[in-house]
Structure formats: structure tokens, C-alpha cells
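Numbered by the numbering used here, the letters in the sequence shown go through residues 4 to 82 in order.
Note that the Cβ used here is the ideal one computed from N, Cα and C, for glycine as well.
Source: prediction; values computed, not measured.
All remarks here apply to the structure that follows.
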Amino acid sequence: MEKVEQQIIQLSKEDERHERRLNDHSKRIDSLEQFKSSTQIEIKNLIEQIKSLVSTIKWFMGLTFTTLVGFFIWYIQRL
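Encoded structure:
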């Protein structure tokens, strides 16, 4: 009888240990999901900022090109 009781106690301890592990893993998964969602938000914000920067660079390049064309036209007229 004692052997059976010891096995039951041992199994109960193992069950508790497994339960703690599962709870710990659940907490880890939750924290990873929260991190993932915050990272996704940051990436979306960065994408929007990059789009804005690309638009600004395009405008600057167009302005520079237009200025150079105007300068060359002015220079040719001065000759």
C-alpha cells in the first residue's frame, strides 16, 4: 500500500510541476504576443515615415532638376 501511495504522491508532484511549466509557458507566449503586436505597430509607423521621406526626396530631386534646367537655359541665353 505504501508503494502505491508513494507513486501517487510522486505523480501528484510531477503533475504540479507540469502545471507550473504550462503556466510559465503561457505567460511567455502572452509576453511574446504583446511584443509582436507592439513591434508590428512600430514597423507600420516606420513604413509611413519612410513613405513620407521618399515623397520629400522626390520633390527635392524634381526641384533640383528644374533649377538646373533653368540655370542651363539662362546660361545659354547669356552666351
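Coil, strand or helix - residue i by DSSP
i     : result
Met64 : helix
Leu82 : coil
Straight-line Cα distance separating residue j from residue i
i     : j     : result
Thr67 : Val57 : 15 Å
Glu8  : Leu14 : 10 Å
Ile79 : Gly65 : 21 Å
Glu36 : Gln43 : 10 Å
Met4  : His21 : 26 Å
Ile53 : Lys39 : 21 Å
Arg31 : Arg23 : 12 Å
Gln41 : Asn48 : Here residue 41 turns out to be Ser, not Gln, going by the sequence shown. One C-alpha to the other measures close to 11 Å.
Thr59 : Glu51 : 12 Å
His28 : Trp62 : 51 Å
Asp18 : Asn26 : 12 Å
Lys6  : Asp33 : 40 Å
Cβ of residue i within 8 Å of any chain D Cβ
i    : result
Glu8 : Judged by its chain identifiers, the structure shown contains no chain D, having just a single protein chain.
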